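*Asks:* This structure is in structure tokens; I'll ask about it shortly.
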Amino acid sequence: MAKRLAILPRDFYARDTEEVARALLGMELVHLDGGIERRGRIVETEAYVGAHDLASHSSKGITPRTRVMYGPPGHAYVYLIYGMHHCMNVVTEPEGRGCAVLLRALEPVAGVEGNTRGPGLLCRAMGIDRRLDGADMCAASGRSLWVEETGTGDGGFTIAARPRIGVAYAKEWADAPLRFTIEGNAFLSRK
240 MAKRLAILPR DFYARDTEEV ARALLGMELV HLDGGIERRG RIVETEAYVG
290 AHDLASHSSK GITPRTRVMY GPPGHAYVYL IYGMHHCMNV VTEPEGRGCA
340 VLLRALEPVA GVEGNTRGPG LLCRAMGIDR RLDGADMCAA SGRSLWVEET
390 GTGDGGFTIA ARPRIGVAYA KEWADAPLRF TIEGNAFLSR K
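Taken in order, the sequence shown gives residues 240 to 430; the numbers are from this note's numbering.
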């Protein structure tokens with residue numbers, strides 16, 4: 240297993256969703272499953288900034304599916320799309336706001352096999368599915384999914400902001416520049 244760096248604490252996530260989406264770039268997502276550790280560097284995210292954001296699942300209110308989004312920050316919100324692809328978000332901001340950051344793409348670091356250029360592909364390659372919905376990524380023990388600091392300081396990369404993907408239905412929110420990427424990274428889902 241790789242050397243442990245600092246696991247992101249709850250207060251990292253308990254702040255503005257756009258800030259978290261940018262700050263997650265360059266960090267490592269880690270999933271420990273059956274003794275296998277998978278690691279990927281986060282290179283693309285999307286911010287979903289609450290119930291007023293028409294592209295966000297929380298815009299429909301609290302449902303069994305979105306309950307986790309309204310919970311405490313630092314929990315995984317994992318759901319199924321098209322009945323076949325899992326997507327993973329990390330809950331942000333104080334409890335009750337319905338905010339989260341979608342992880343869109345990873346650069347494989349260790350133990351990751353397969354394509355990671357897109358949220359469904361990322362989850363498949365990392366072994367992430369609905370069993371991890373609600374997982375506390377900041378728990379003191381018993382964690383199997385978390386994000387670590389990478390110790391790279393300012394990151395040494397340029398962040399680009401673009402419209403999110405697949406949200407044309409979201410009226411004025413469709414073009415909001417809430418998708419963040421490490422500019423020029425080879426593992427982005429789209430350019």
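Glycine included, C-beta positions come from ideal geometry on N, C-alpha and C. Please read all numbers here as calculations on a predicted model, not as lab measurements.
Cα separation between R403 and N328?
*Replies:* R403 and N328: Cα-Cα distance of roughly 14 Å.
*Asks:* Taking the C-alpha atoms as reference points, what is the distance between G405 and D375?
*Replies:* Answer to the nearest angstrom: the Cα atoms are 28 Å apart.
*Asks:* Under 8 Å, do P358 and C338 count as touching if we go by C-beta distance?
*Replies:* Going by C-beta atoms, P358 is not nearer than 8 Å to C338.
*Asks:* Taking the beta strand (DSSP E) that D255 belongs to, which residues open and close that run?
*Replies:* No beta strand (DSSP E) holds D255; DSSP gives it neither H nor E.
*Asks:* On the CB-based measure, 16 or more other CB atoms within 10 Å of its CB, does G279 come out buried or exposed?
*Replies:* Buried: at least 16 other Cβ atoms inside 10 Å.
*Asks:* Is there contact here, the segment 343-359 with the segment 372-388, by at least three beta-carbon pairs under 8 Å?
*Replies:* With the cut-off at 8 Å, the segment 343-359 and the segment 372-388 do not touch.
*Asks:* Just to confirm, is the Cβ distance from Y321 to R304 under 8 Å?
*Replies:* Taking 8 Å as the Cβ cut-off, Y321 and R304 do not qualify as a contacting pair.
*Asks:* Taking 7 Å as the cut-off, does the CB of C326 come closer than this to any heavy atom belonging to the ligand SAH?
*Replies:* Absent from the structure shown: the ligand SAH. Ligands present: none.
*Asks:* How close, in whole Å, do the beta carbons of L264 and G394 come, if the pair is a contact with beta carbons under 8 Å?
*Replies:* Rounded, the Cβ-Cβ distance is 7 Å, consistent with contact.
*Asks:* Just list the beta strand (DSSP E) runs in the segment 246-309, keeping only unbroken ones of 3 residues or longer that don't cross its boundaries, in chain order.
*Replies:* Counting only runs of 3 or more, we get 267-272, 275-287.
*Asks:* The beta strand (DSSP E) with R418 in it runs from where to where?
*Replies:* Its beta strand (DSSP E) spans residues 418-421.
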